[in-house]
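Below you'll find the structure, written out as structure tokens, and then a few comments.
4 protein chains.
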Amino acid sequence: MSKELISQENIVVGEIANGLPLTIPVYRLKGDGTGPNVYIQANMHGAEVQGNAVIYQLLEQLKSLKLRGDITLVPYANPIGCNQKSGEFTLGRFDPITGTNWNRMYRFNKALPSQVAEQHKDCDDATLKAAFKQALVADIDSQLTGPDYSLTTGKRIALNLQKLAHQADIVLDLHTGPISSQHLYCPEYAKDSASYFNIEHVLLIPSDFDGAMDEASFCPWWSLSEELAKQGREFAVQVEAFTVELGSQEKIDLSAAHEDANSILSYLNHKEVLVDAAYHPKAMTRYACMLEDYVAYYAPMGGMVEYLAPLGGHIKAGEPIAHILRMERYLSEQPLQTLSFDKDAIAILHFASASVNQGTELYKFFTNVFEL
Amino acid sequence: MSKELISQENIVVGEIANGLPLTIPVYRLKGDGTGPNVYIQANMHGAEVQGNAVIYQLLEQLKSLKLRGDITLVPYANPIGCNQKSGEFTLGRFDPITGTNWNRMYRFNKALPSQVAEQHKDCDDATLKAAFKQALVADIDSQLTGPDYSLTTGKRIALNLQKLAHQADIVLDLHTGPISSQHLYCPEYAKDSASYFNIEHVLLIPSDFDGAMDEASFCPWWSLSEELAKQGREFAVQVEAFTVELGSQEKIDLSAAHEDANSILSYLNHKEVLVDAAYHPKAMTRYACMLEDYVAYYAPMGGMVEYLAPLGGHIKAGEPIAHILRMERYLSEQPLQTLSFDKDAIAILHFASASVNQGTELYKFFTNVFEL
Amino acid sequence: MSKELISQENIVVGEIANGLPLTIPVYRLKGDGTGPNVYIQANMHGAEVQGNAVIYQLLEQLKSLKLRGDITLVPYANPIGCNQKSGEFTLGRFDPITGTNWNRMYRFNKALPSQVAEQHKDCDDATLKAAFKQALVADIDSQLTGPDYSLTTGKRIALNLQKLAHQADIVLDLHTGPISSQHLYCPEYAKDSASYFNIEHVLLIPSDFDGAMDEASFCPWWSLSEELAKQGREFAVQVEAFTVELGSQEKIDLSAAHEDANSILSYLNHKEVLVDAAYHPKAMTRYACMLEDYVAYYAPMGGMVEYLAPLGGHIKAGEPIAHILRMERYLSEQPLQTLSFDKDAIAILHFASASVNQGTELYKFFTNVFEL
Amino acid sequence: MSKELISQENIVVGEIANGLPLTIPVYRLKGDGTGPNVYIQANMHGAEVQGNAVIYQLLEQLKSLKLRGDITLVPYANPIGCNQKSGEFTLGRFDPITGTNWNRMYRFNKALPSQVAEQHKDCDDATLKAAFKQALVADIDSQLTGPDYSLTTGKRIALNLQKLAHQADIVLDLHTGPISSQHLYCPEYAKDSASYFNIEHVLLIPSDFDGAMDEASFCPWWSLSEELAKQGREFAVQVEAFTVELGSQEKIDLSAAHEDANSILSYLNHKEVLVDAAYHPKAMTRYACMLEDYVAYYAPMGGMVEYLAPLGGHIKAGEPIAHILRMERYLSEQPLQTLSFDKDAIAILHFASASVNQGTELYKFFTNVFEL
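Taken in order, these protein sequences are the chains called A, B, C and D. Per the working numbering, residue 1 is the first one in the first sequence, and the count goes up by one each step. Per the working numbering, residue 373 is the first one in the second sequence, and the count goes up by one each step. Per the working numbering, residue 745 is the first one in the third sequence, and the count goes up by one each step. Per the working numbering, residue 1117 is the first one in the fourth sequence, and the count goes up by one each step.
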């Protein structure tokens, strides 16, 4: 395949105050129809730009590969967040008007799995899958075509993206942490697939829906599978969806993006999206933790933080993880406090600034870690 | 009672980056112990300042009244939100770091009602009430004294306030809308009390908990009542809690605050908090709507809005509610669009700015209105 | 003239992070060449939207008028500021990255007047005028076509607008205050023209250049006039430029906009831009003050403000202009402070929010007022 | 000297909306009166926190040193900027209400040098110096004690700090760039002193006053020197003031702070502030450039930037300094653009985020570099 075989469409997902349209570029590559379809988006949170570079590196390689499945790639998924500056940094994690996290506005109609399970209980698996996929897309469409006053700005963006995602069998949402090591949000049932990414740290998440793209993509299918199990029918979850956390925000690194593209291609190759491709996972120890064991560590006091825990590194309970400097107390107290955590853990990410209030999220830790 | 009988305490609810404490002033007036205790707070959302003026006007009157119950008054409930400027306006509706709405961080331990209902099933009502109140406060304390890294900035503020609120029988959280008429959030079971406020519009809310102060105050008691009903025991909900929406944000109006104080004193008088006081509700038609019928109207297009619907006024389906000016389309389209709503309604509030994106919340409407 | 005779062009003034162009709509009406050319822009500051409605009302009337001069109308002059939200309000007074006021980035090459005065000292007035106009436009072009790394975001927007403005003989920049009465910034030499607007309050400004559009438009011509005076040649200032302050920000009012359009048409009619038109100024007392007598009143303490001075109204020295409520001092101090100003004055505008720090600009006052 | 000999005072520099005071901690160490007095402040810009750590490391060493001159140390110099969050980052470069850069609000009364030069023309140098110092402090006091409505929030903070600074002979204002190498702003006349700091890059600045602390400290003395030169009297500039740019913002690094403290102590030792101390500058090549040769490089297009130029490193004209990724143009253009600069230069700092608009300041470069 060469660059000419990639097509581009710019979808309109809203309108801003001066009337100009909000558009998102969508790139599509056609497969031969024998493999699963793939949807990959990046930059839903404004500061998390590295995924755009990964999509660039994916396109650079995909244009010379043969595909079994279709691949849809969406950089700049959030045209508001991407362009929302406040000082030098990008304030694009939440709608600046409402505070709502842009990645908590996707939809899951919880009535749908049981409806479809009931309506199509006599169908074979392939028909059932096609029917459910169609129902999911129709459900999104019914929202997009409801009364024109019924959708928030963020919901309209989310639904437009979700409509694309529901047409795929594999969904990857590319994010980053603030200052962060690489990690993968993986639904528990897809644990085996996690080993095909070159990502050392894996969070296993349950089937609860909290509004994120990965959940919005796999929860309906997981739920369908559970509905059918009640009928006594075994039906594998048909869709895999991951949030891939690429590293730190506010950064573009084309060489790291090339590595990340290879990691994703390794997974896609495993899923038989590619024809005769030579992408394979790296040998590495992969560490996992359950979402309930992913612990946020909030600043126990206000101050200026020197972060000490190596990201991706294993720390022992009681080891120093940070200094907090409190210069207004130089004479009255110990002005340099040392913090530690009371559990063995892997430090996955830390806050992006040294200045913290009491209660600011300083770190997130994997605890009760096990090898995958 | 004179001003000398009011006591003040400044509680510390956090620490900011330069190490200075975040404090909140708490004013207390003692009753003779024969009436219910009252907790009133204001300004949890930074721009919603009018409640501070209402507390001022309450204090000015309370200092010459005799009280049966204790009254605790907390202005400036959120020392971060109150001081968070972005341009001329106050950006204090959500934590500027995380986007979390400051009024969605209160706690409700859902296990508590059934535990207490079980443990104290042989107690009389008064003992049961005292035990549950104690359990609620202890539950908050257990959070405040947990590991020092376990609380977010907003949670620590919320828990400190909630600890005060749980000691009362009546809780009022003073808010405002953006540009808004007065309205009252009232739990369904306390509907009769709504008529003692001089507020024309009443939203009746169910027992669902979504993190707000009013819900955090009444949901546990509602839930306890339901648990005891399962035991076959009738136990009235012991606490009333309301969110009082005073009008528009970013404004202080001392004369309106005096009216609002009278409205609150009328309700407190009805609840027998005051001794021999002459506060009574005004005669007015009060309109109510169920929370599920409280409809948000989002801008169907981006543009510059002239708001036409009178706040607090009854509008008919299809009547103009706004013009949207779209000057970039002066030649290509009708540049002045007229919007309407498809239901009869009361317009309760509208957005604070003329500039809107497609999907910005333009109005909120009461629909399926009935007289209280 | 009918709507068909209006032409539209969208000029590109920049590019945002996701690569999309920043465009500004430009509307043009052709005159018969016998009158002065006019440039009118609106909404350079994001929250100051009412000027767009005035341009709408101007277009609605101009399309049925005959024109002597060309008229260029630019709504939405700042595609970044217009769309910069922070909470419900529009944070568009300054570049969110740098803090630079969008209306302080225009250019005035101070060397140009003396250069042109020297080079064309033997020309007649009309030739000199044409040469200077050409030199001003060429100077802007030289900036726009300099090294591609040499312009800030705001400068590029400003220069593109200024290039249009320099082609006109009359320049109106439509602004609003925060909460404000109407007033006009008028260069001292054009004082007589101020009486043709229906604006009660006029600020007379000197020839100093501080980066604003009005100054950038008239300072070069004022300076040229002074250079020629040194040669002993009398040469009237050829361009008039005004900043028209329409009232309060964040509001669209189509009926007020119609009045404002009439006010501008009255001035344009006086300047012989229109053919046989019936627009004349209203009879009213117009009050003026020199820029040096335009006094900012900063909050002498932090607190919550009730604004008392009527905007546009005459206040006496010592009269109450505001209450400041300080609820954290209810017991320790007088919690309600009354502010006054020590001079007789006209209150022109006040701050947009009740919450103020010590030192926030509360009011701006005309002092040493005289009738125009 | 031990820690007991350090004194602390918290000065009140303002009040916020909920009435709480804005305070700044001031640490003082007494010398024996035989050396120059020193003033060092940090963190005037909210995100530039590393200076606080340098003050910590200075105090840790100064407490065991003997001093000739007094030393005043002010961390957290800006209690508003320091605590102004917008998302994870600190938005403290400018007043969030007005956009004014916090480091452009200091005062220089340009009439003062000639007045004092005239009044004290018969005094000896020491008397003249004392008189001018006194006049500078009195001038600040006259501002601080003017009408209580006459000062902006930022001006009140600046004047309070400046009053402390004017009492010193040496003034250091500790800043950082966004992502930056170390560099020093040094007035041209104090060039020789620059070699006593361990800082490789030195910007030589002229005597123009633009509102910054360093300028506000040395410009009056430079100007006095020039006034006296007109009288034919040679009078060395009596005060040295520097802005020390420590590296990148949003970071605390205690080990780098220790190095920076040593660098400052080396300079202070050279100026004979310390008794028998062993701090000496490191041997290194120091590169200088004139302020007029310090070139900002603005993004020639919008996009996502990979920064390539090594900070502090020498780059050649035409070498790649950045990639700009423009993923919306993957098919229509070269999506990965390479940028270069047209001069040999040293890259001193770059923007803090990968996301840039056309016209965002990407880099600042030393050009026409020479060895000091």
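Even glycine gets a Cβ: it sits at the ideal position worked out from N, Cα and C.
#1: Would you grab the beta carbon distance between Q745(B) and D625(B) for me? Rounded to a whole angstrom, and I think it's under 8 Å.
#2: Name, please, each residue of chain A whose Cβ falls closer than 8 Å to the Cβ of F392(B).
#3: Counting only the same chain and skipping the five closest in sequence on each side, list residues whose C-beta sits under 7 Å from that of I11(A).
#4: On the CB-based measure, 16 or more other CB atoms within 10 Å of its CB, does Q1078(C) come out buried or exposed?
#5: Between T1476(D) and chain B, is there a C-beta pair that is closer than 9 Å?
#6: What residues match up with F366(A) in a beta bridge as DSSP calls it?
#7: Roughly how many whole angstroms lie between the Cα atoms of N1199(D) and T462(B)?
#8: Step through the CB atoms of chain A and report whether any lies within less than 9 Å of the CB of R837(C).
#9: Under the rule that 16 or more other beta-carbon atoms within 10 Å means buried, what is A241(A), buried or exposed?
#10: For M957(C), report the span of its alpha helix (DSSP H) as first-last.
#11: In angstroms with no decimal places, state the Cα-to-Cα distance between P1294(D) and L1465(D).
#12: In the DSSP assignment, find the beta strand (DSSP E) that holds G526(B) and state where it starts and stops.
#13: Looking only at its chain, what residues have a beta carbon closer than 7 Å to the beta carbon of T548(B), apart from the 5 residues adjacent to it on each side?
#14: Helix, strand or coil for A629(B)? Go by DSSP, reduced to three states.
#15: Where does N1385(D) fall in DSSP's three states?
#16: Taking the alpha helix (DSSP H) that Q1231(D) belongs to, which residues open and close that run?
#17: Rank T778(C), Q805(C) and L1106(C) by C-alpha distance to the C-alpha of A1005(C) and give the top, closest one.
#18: So L58(A) is in the beta strand (DSSP E); what residue range does that whole segment cover?
#19: For Q1259(D), report the span of its beta strand (DSSP E) as first-last.
#20: Assign E606(B) to one of three DSSP states: helix, strand, or coil.
#21: Give the secondary structure of M1155(D) by DSSP, where H, G and I count as helix, E and B as strand, and everything else as coil.
#22: Following the continuous beta strand (DSSP E) through V1318(D), name the residue where it begins and the one where it ends.
#23: Using a beta-carbon distance cut-off of less than 7 Å, what residues from the segment 1121-1148 of chain D approach chain A?
#24: Could you tell me the alpha carbon to alpha carbon distance between L73(A) and S181(A), rounded to whole angstroms?
#25: Our contact map puts N1484(D) next to C1405(D) with C-beta atoms below 8 Å; I'd like the distance itself, whole angstroms only.
#26: At a CB-CB cut-off below 7 Å, which residues of chain D make contact with Y76(A)?
#27: From M656(B), R658(B) and M673(B), pick the residue whose C-alpha is nearest to that of I16(A); which is it?
#28: Assuming the contact rule is C-beta atoms closer than 8 Å, H166(A) and V137(A) should be a hit. Round their C-beta distance to whole Å, please.
#29: Using CA coordinates, which residue listed in K1346(D), G1475(D), P1303(D) and L1121(D) is at the minimum distance from Q1354(D)?
#30: Return the chain-ordered list of same chain residues with a C-beta closer than 8 Å to the C-beta of M1117(D), the five sequence neighbours on each side being excluded.
#31: How long is the line joining the alpha carbons of G1083(C) and T1261(D), rounded to whole angstroms?
#32: Taking a cut of 9 Å between CB atoms, which residues from the segment 140-166 of chain A lie near chain C?
#33: Kindly list the residues whose CB is nearer than 7 Å to the CB of N109(A), restricted to its own chain and excluding five residues on each side of it in sequence; keep chain order.
#34: Mind checking Q1250(D): buried by the 16 CB within 10 Å criterion, or exposed?
#35: Mind pulling the chain C residues with CB within less than 7 Å of L431(B)?
#36: For R1402(D), I'd like the list of residues in its chain whose CB is within less than 8 Å of its CB, leaving aside the five on either flank, ordered along the chain.
Reading off the structure:
#1: Outside the displayed span of chain B (373 to 744) sits residue 745(B), for which this structure offers no information.
#2: The sequence shown places Leu at residue 392(B), not Phe. Those within 8 Å of L392(B) in chain A are G302 and E328.
#3: Result list for I11(A): T23, I24, V26 and N160, in chain order.
#4: With fewer than 16 other Cβ atoms within 10 Å, it is exposed.
#5: With 9 Å as the cut-off, T1476(D) does not count as an interface residue toward chain B.
#6: In DSSP, F366(A) forms a bridge with Y294(A) and I346(A).
#7: Answer to the nearest angstrom: the Cα atoms are 15 Å apart.
#8: Judged by the 9 Å Cβ criterion, R837(C) is not in contact with chain A.
#9: With 16 or more other Cβ atoms from the protein chains shown falling within 10 Å of its own Cβ, A241(A) counts as buried.
#10: For M957(C), the enclosing alpha helix (DSSP H) covers residues M957 to K974.
#11: For the pair P1294(D) and L1465(D), the Cα-to-Cα distance works out to about 7 Å.
#12: No beta strand (DSSP E) contains G526(B), which is instead part of the alpha helix (DSSP H) from T525 to A537.
#13: Hits under 7 Å: E420, Q422, E617, L618, G619, S620 and Q621.
#14: Reduced to three states, the DSSP call for A629(B) is helix.
#15: Looking at N1385(D) - three-state DSSP - the assignment turns out to be helix.
#16: Q1231(D) -> alpha helix (DSSP H) spans L1228 to Q1235.
#17: Of T778(C), Q805(C) and L1106(C), the residue nearest in Cα terms is Q805(C).
#18: Counted as a single uninterrupted DSSP element, the stretch harbouring L58(A) is not any beta strand (DSSP E) but the alpha helix (DSSP H) occupying residues Q50 to L62.
#19: No beta strand (DSSP E) contains Q1259(D), which is instead part of the alpha helix (DSSP H) from D1241 to L1260.
#20: Three-state DSSP puts E606(B) in coil, outside helix and strand.
#21: The sequence shown places Tyr at residue 1155(D), rather than the Met named in the question. Residue state, collapsed to three classes: strand.
#22: Its beta strand (DSSP E) spans residues H1317 to I1321.
#23: For the segment 1121-1148 of chain D, residues whose beta-carbon sits nearer than 7 Å to a beta-carbon of chain A comprise I1122, Q1124, P1141 and Y1143.
#24: Rounded to whole angstroms, L73(A) to S181(A) spans 24 Å at the Cα level.
#25: Beta-carbon to beta-carbon, N1484(D) and C1405(D) are separated by about 6 Å, close enough to satisfy the 8 Å threshold.
#26: Annotation: Cβ neighbours of Y76(A) in chain D (cutoff 7 Å, chain order): M1443 and E1444.
#27: The shortest C-alpha separation from I16(A) is found at M673(B).
#28: For a cut-off of 8 Å, the C-beta gap from H166(A) to V137(A) is around 5 Å, short enough to register as a contact.
#29: Nearest option by C-alpha distance: P1303(D).
#30: With a pLDDT of 49 at M1117(D), under the threshold of 50, the modelled position of that residue is not reliable, and no figure is offered here.
#31: For the sequence presented, residue 1083(C) should be read as Leu rather than Gly. Rounded to the nearest angstrom, the gap between the Cα atoms of L1083(C) and T1261(D) is 18 Å.
#32: Those residues of the segment 140-166 of chain A placed with their C-beta closer than 9 Å to a C-beta in chain C do not exist.
#33: These residues qualify, in order along the chain: D139.
#34: Per the 10 Å Cβ criterion, exposed.
#35: For L431(B), the chain C residues whose C-beta falls within less than 7 Å of its own C-beta are Y1074, listed in chain order.
#36: For R1402(D), where only same-chain residues beyond five positions count, the Cβ hits under 8 Å are A1310, S1311, I1315, E1316, H1317, V1318, E1487 and L1488.
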